[in-house]
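Undergrad:
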Amino acid sequence: SDVFLIQAHMPVTDSFGFVDELRKQTGGVSSATMAFSHWACNCEDPYFVPKTEEEREEHGEVALPKNRARRLLDGIRKRKGLKV
């Protein structure tokens, strides 16, 4: 059969435009149904900067690339027209 069922969890912020992009990438032959599943806490600090010696040893001296929490925060601020 040419039918595939894929179940996955994704953040709500990543779901905007997903169905349109899926149809575009598959030439319109795909369909998607989304339903809310659960809440999950994002325990990362979007403003994290290593300060202690232990943090520097674990994460390095140089600035880290933006973590997931910071990317989500920046995306929301950009969408609302706020300074990023």
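Counting with this note's numbering, you get residues 558 to 641 for the letters of the sequence shown.
Even glycine gets a Cβ: it sits at the ideal position worked out from N, Cα and C.
Could you tell me which whole alpha helix (DSSP H) segments of length 4 or greater appear in the stretch 574-615?
TA: Those alpha helix (DSSP H) runs which fall completely within the stretch 574-615 and span 4+ residues are 575-582.
Undergrad: Measure the beta-carbon distance from Leu630 to Pro607 and round it to whole angstroms, keeping in mind my assumption that it falls under 8 Å.
TA: In fact, because the Cβ distance is near 19 Å, the residues do not count as touching under 8 Å.
Undergrad: Does the distance from the C-beta atom of Asn599 to that of Ala626 stay below 7 Å?
TA: A contact, by the Cβ cut-off of 7 Å.
Undergrad: Skipping 5 residues on each side, what residues in its chain have a beta carbon closer than 6 Å to that of Asn624?
TA: These residues qualify, in order along the chain: Glu601.
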